[in-house]
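Chains as they are written, first to last, in this note's numbering: chain B, 1 to 878; chain G, 879 to 976.
Contents: one structure, followed by commentary.
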Amino acid sequence: MSWLPDFLRRGRIESELAEEFREHLMEKVADLMDEGVPEAEAHARAKREFGNATHYHEVSREVWGWTWFETIMQDVRYGARMLRKNPGFTAVAAITLALGIAVNSTIFSVVSVLLLRKPAAADPDRVVALVATNARLAVARGRVSAADFRAWRAANHSFTDLAAADPDHIFSLTGAGDPERTAGMRVTTNYFDLLGVAPFLGRTFQPGEDQPGRNHVVLLSYGLWQRRFAADPNVAGKTVDLDDEKYEIIGVMPAFFRQVAYLARLWTPLDLTGNNRPGARDNRSLIVFGRLRPGADADRANAEAAALAARAEQADAASEKGWSAKVLTLQEYGIQEDQTRSAMSLLMAAVGIVLLIACANIANLLLARGTKRQQEIAIRTALGAGRNRVVRQLLLESFLIALLGASMGLAGAYAGTRVLRNALSFNEYVTAMAVTISLDRPVLIYTLVISIGAALIFGLVPALRVSAADPQATLRQGGRAGDLRRGWGRNLLVGAQIALATVLVIGASLMLQGAAEELWGDFGFDAKHVMVVEVALTSPRYRDPARREAFLRGASTKIGQLPGVAAAGIANGVPFNSGHRRFSIQGQSDLPPSQRPRARYFAVNPEDFRVLNIPILRGRVFRESDAAGSPRVAIVNRAFAERFFAGQNPLGRYIRVEHSAPAWSEIIGIAGNITASDSVRKDEDPHMYEPHLQAPADEEMWMTARVTGDPNSLTRAVRSAIWSVDPNQPIGDVRTIAGLINENDAGEFVCDGLLAVFGLLALILAAVGVYGVVEYAVEQRTHEIGIRMALGGGRRDVLPPVLAKEVSLALAGAALGIAAALPLPKLFFAMFNGFRIQNTIGIFLAFPAVLLAVVFAAVYIPAARAARVDPVEALRYE
Amino acid sequence: MMVLQTLRRGPLHGYALAQVIMQSSGDLLEIEEGSLYPALQRMLKAGWLAAEWGVSSRNRRVRVYRITPAGRKQLERQVSSFDRMLEGIARVMRPAES
Chain B
1 MSWLPDFLRR GRIESELAEE FREHLMEKVA DLMDEGVPEA EAHARAKREF GNATHYHEVS
61 REVWGWTWFE TIMQDVRYGA RMLRKNPGFT AVAAITLALG IAVNSTIFSV VSVLLLRKPA
121 AADPDRVVAL VATNARLAVA RGRVSAADFR AWRAANHSFT DLAAADPDHI FSLTGAGDPE
181 RTAGMRVTTN YFDLLGVAPF LGRTFQPGED QPGRNHVVLL SYGLWQRRFA ADPNVAGKTV
241 DLDDEKYEII GVMPAFFRQV AYLARLWTPL DLTGNNRPGA RDNRSLIVFG RLRPGADADR
301 ANAEAAALAA RAEQADAASE KGWSAKVLTL QEYGIQEDQT RSAMSLLMAA VGIVLLIACA
361 NIANLLLARG TKRQQEIAIR TALGAGRNRV VRQLLLESFL IALLGASMGL AGAYAGTRVL
421 RNALSFNEYV TAMAVTISLD RPVLIYTLVI SIGAALIFGL VPALRVSAAD PQATLRQGGR
481 AGDLRRGWGR NLLVGAQIAL ATVLVIGASL MLQGAAEELW GDFGFDAKHV MVVEVALTSP
541 RYRDPARREA FLRGASTKIG QLPGVAAAGI ANGVPFNSGH RRFSIQGQSD LPPSQRPRAR
601 YFAVNPEDFR VLNIPILRGR VFRESDAAGS PRVAIVNRAF AERFFAGQNP LGRYIRVEHS
661 APAWSEIIGI AGNITASDSV RKDEDPHMYE PHLQAPADEE MWMTARVTGD PNSLTRAVRS
721 AIWSVDPNQP IGDVRTIAGL INENDAGEFV CDGLLAVFGL LALILAAVGV YGVVEYAVEQ
781 RTHEIGIRMA LGGGRRDVLP PVLAKEVSLA LAGAALGIAA ALPLPKLFFA MFNGFRIQNT
841 IGIFLAFPAV LLAVVFAAVY IPAARAARVD PVEALRYE
Chain G
879 MMVLQTLRRG PLHGYALAQV IMQSSGDLLE IEEGSLYPAL QRMLKAGWLA AEWGVSSRNR
939 RVRVYRITPA GRKQLERQVS SFDRMLEGIA RVMRPAES
């Protein structure tokens, strides 16, 4: 920036130069007079020989290189004056752009948090997750068994250390306050040291604290500490009951410590010694983290991970066949686990389209205005302004508009981030992410870049076209000539706008339709009126089957007696929160355990079928007498019967479900299909049911209830009913299955909602743009319409030719848009796990039709108005 | 190059510089007085020259230009490349000797 000090003292440099010139002349005059030349002639000769002082002055100024800056400042001042003189135009352009920039910056603020921000760890780029992969089973980020973890930790050369975490455990938290179920993580004692995160209070785990006798220590999350322990600064050293055992609180983690991909409210040491049982290799439950050794890079670590997995495969082919391993940076692991990239790219594409449509609108406005400004520009050109200078002038005006739009857009984005923070608060994990959404530095840089980009997009074509006009022709013909509206530029802009809006509107509608089909689809049960609550029978007192049964039956009966409850059941899982088990069918070839088929598995009481309204198509439903001592029975659903008993009657056949006490059970009934997951259609999802009294005891059980009234009013009553049987029983949230779906998929619904908003915005912007352009075009043709009317044409004769061109342009744009949108359902299916959609034809035809109707109105209204004009009035301008 | 060479002999102000160049070239090279100044500004900006206000032989306040060390280096570079160029031209112009 060496020119800057020169620039700042340019006034002095210039006056010095002027003085120098003067002295030069005076010296020369003095010399000449010494030679005897009379004074007056000496002055004249000196000046003549010196030449054009002003010219030399300018050349000297240019040497210092600030003239470009001064002319730009002139252009800026001129541009600002032009914008001030046309407040209407300026406001429309700036607001249009501000809308486009606001939605872009808002969505990018989420991108910044989800995809750009580094995870909470020291030197986060050196921390990786080691994941198991299996091409045959399509596992891309599998978890790792304890045996593999131990072997890798001992043998690797790429990492300073490896740590493991088991994120699946839900702890029963009892003692002071309501008993609750809370997500926690069991981690190896080196976990926090490896991440390099210090506790907010107290200490983290020490080596050896994973050993029995020392391992009853717990770290709290900041949120849990605030909520349940009232932010007690002396909390370290106190005890808390976890799964009915006493744990000592040793510390609190800081608020910013957000666990990658998992919500954890507390951490306890992970004891790996119990994982040496035979068959434990198949139990892949651990996430493994490593810190790269100095000098080791991701490639080397990847190669080594694959080599370690290959070694394990040689050592134990039965369980390890087909499994390999790779590393992902902690950040990448979190992004892939959160599955936010697809949604974010979709939203960014949507807001990108909105911005492009906004740019097209402004470009059209500029083109139209350029027509009016041709005279001014012709005069400037005639006075010697080069084309570059004219283009620069026009572009500078675009940049000024962009600046205005960007500042208004940022204000809008600020409001947008507030809205998003509220929308993204449907569960604790998302809330922890959402509170950090702000207009941070990446967002500001992004805003700057898109503003400049937008200015170039909407400014360049009009600037080039307007400046290309021949000044002679313009000046000769007066104000009315130089028609810019007839040109590829405008047609392209209008057509592209309609095509883009069509794509976005169809895309948004497809996503909405997908969500609607999922949410209001036919589940086979009434998701809005089935309430479920998880109870965890982790307490040692429930190891006694009789007490366990008494509690479940008691709680279910109490819930069933509540007013507004039609039926109450017991189950080990509920739709949208259930698991699979492998099974064998008697009489069919017996496969090795790892190749046996899997089906969704429920252990339920007879009432649960009534709660979910599952019809028994053949055979009978369970009875209370199907208990521990009686013959084992099972029910399968229709999808199961069709897939695994193709054509045969399953009733009376036997299946064996794999769990801790596998035994053959007779199939006594065939149930109707219900939807139990958002990723499988109900006719393709085989289910099997066993009486929960014949199934092995599950710690995690659910109370289910079908309600008739408002489910929300029953929440408290259901909790009280359970606590009236056991006041110390921790219970999860009481909610409907619709609520459960919403909690799982609320992110998708927010995404769909945003898409809908953007689609609508695109539609409005496109309509406004088309309206403006057409109105302007028709206005230009008022004269022509007037002549036609004067010659005896009726409105019917006059309007069609005007309409035809615009409508055919709109049709072409819409057709292009539909063609571009055709692959979207397939694309969404590939991008989003569980996205499926039945009715697409309606969307592909209905929404472009709406758009075309808007375009037609935009064409018709100004055209009709023009046709109403008195022909005499129109011709008077001639 | 001529300006730098001239200033190497001692600081001068603009008018004097023009006169000296004209005289030392035996009036062969007439420098256009005005166009000297843009050149001076260019060299000032490049740091080859320094300028300060002084007094001329006629007791007028004038800006006196002085060559800087960077200017000397530049001059040497230019002179050597100029010499090479001259030598090249001379060889071409000289009738073949071999």
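Backbone N, C-alpha and C fix where the C-beta goes; we use that ideal spot for every residue, glycine too.
Please read all numbers here as calculations on a predicted model, not as lab measurements.
Between the CA atoms of residue j and residue i - distance to the nearest angstrom
i	j	result
B/M344	B/V111	7 Å
B/S630	B/E700	24 Å
B/I287	B/M185	11 Å
B/L651	B/A717	40 Å
B/I362	B/R465	15 Å
B/N190	B/E337	23 Å
B/N134	B/P727	46 Å
B/A468	B/R387	8 Å
B/D683	B/F644	13 Å
B/R653	B/A671	15 Å
B/P119	B/L424	19 Å
B/L395	B/A93	14 Å
B/V127	B/A151	19 Å
B/F758	B/N104	10 Å
B/F289	B/L270	14 Å
B/E879	B/F583	Given that chain B is displayed from residue 1 to residue 878, the structure contains no residue 879 of chain B and the question cannot be resolved.
B/R311	B/L292	21 Å
B/V850	B/G352	22 Å
Three-way DSSP call (helix, strand, coil) for residue i in this model
i	result
B/F171	strand
B/R421	helix
B/F829	helix
B/T189	coil
B/I570	strand
B/V734	coil
B/V197	coil
B/Y601	strand
B/M26	helix
B/H216	coil
B/T381	helix
B/L537	coil
G/P916	helix
B/A351	The residue asked about is misnamed: residue 351 of chain B is Val in this sequence, not Ala. In this structure, B/V351 counts as helix in the three-state DSSP scheme.
B/E35	coil
B/P278	Residue placement at B/P278 cannot be trusted, given a pLDDT of 49 that sits under 50; the coordinates are not used to answer.
B/K85	helix
B/R162	What sits at residue 162 of chain B in the sequence shown is Leu, not Arg. It is a strand residue.
Selection from the options that minimises the alpha carbon distance to residue i
i	options	result
B/L83	B/D271, B/F399 and B/G772	B/F399
B/L439	B/H24, B/G416, B/D123 and B/L827	B/G416
B/G202	B/A183, B/N215 and B/Y222	B/Y222
B/L25	B/E14, B/F50, B/M703 and B/Q472	B/F50
G/T946	G/E954, G/S958 and G/V970	G/E954
B/I450	B/Y56, B/A102, B/A80 and B/R81	B/A102
B/Q729	B/R548, B/R598, B/R620 and B/D797	B/R548
B/L116	B/T502, B/L852, B/I437 and B/L97	B/I437
Residue i CB to nearest heavy atom of the ligand MN below 7 Å
i	result
B/A697	Ligands displayed in this structure: none; no statement on the ligand MN is therefore possible.
- the segment 664-684 of chain B in contact with the segment 554-568 of chain B per 3-pair CB rule at 8 Å: Cβ pair count under 8 Å is below three, so no.
- Task: Please list the residues of the segment 937-962 of chain G that have a C-beta atom closer than 8 Å to any C-beta atom in chain B, keeping them in chain order.
- Result: Listed by position, the residues of the segment 937-962 of chain G near chain B (Cβ gap below 8 Å) are R938, R939, V940 and R941.
- Identify each residue in the segment 16-35 of chain B for which the Cβ-Cβ distance to at least one residue of chain G is less than 9 Å, and report them in chain order. Answer set for the segment 16-35 of chain B: E16, L17, E19, E20, F21, E23, H24, L25, M26, E27, K28, A30 and D31.
- Message: Beta carbons nearer than 7 Å to chain B: which residues of the segment 915-928 of chain G have them?
- Response: Within the segment 915-928 of chain G, the qualifying residues are Y915, P916, Q919, R920 and K923.
- Query: With a cut-off of 8 Å, do at least 3 Cβ pairs link the segment 821-832 of chain B to the segment 721-739 of chain B?
  - Reply: By the Cβ test, the segment 821-832 of chain B is not in contact with the segment 721-739 of chain B, since fewer than three Cβ pairs between them sit closer than 8 Å.
- Given 8 Å, three or more beta-carbon pairs between the segment 685-701 of chain B and the segment 496-515 of chain B: Contact between the segment 685-701 of chain B and the segment 496-515 of chain B is absent: fewer than 3 CB-CB pairs across the two stretches fall below 8 Å.
- Message: Whether or not the segment 147-159 of chain B and the segment 245-259 of chain B are in contact is what I'm after, with contact meaning three or more pairs of Cβ atoms, one per stretch, closer than 8 Å; do they touch?
- Response: Segments in contact, no.
- Going along the chain, which residues of the segment 883-901 of chain G sit with their C-beta nearer than 9 Å to a C-beta in chain B? Answer in chain order: H891, G892, Y893, A894, A896 and Q897.
- Message: Count Cβ pairs between the segment 809-819 of chain B and the segment 841-850 of chain B that sit closer than 8 Å; are there 3 or more?
- Response: As far as the Cβ criterion goes, the segment 809-819 of chain B touches the segment 841-850 of chain B, which means the pair count is three or higher.
- Message: Between the segment 161-177 of chain B and the segment 206-215 of chain B, can you find at least three pairs of beta-carbon atoms closer than 8 Å?
- Response: The segment 206-215 of chain B, when compared against the segment 161-177 of chain B, does not touch it at the 8 Å Cβ threshold.
- Is the segment 455-463 of chain B touching the segment 363-377 of chain B in the sense that three or more CB pairs, one from each, lie closer than 8 Å? Short answer: they touch.
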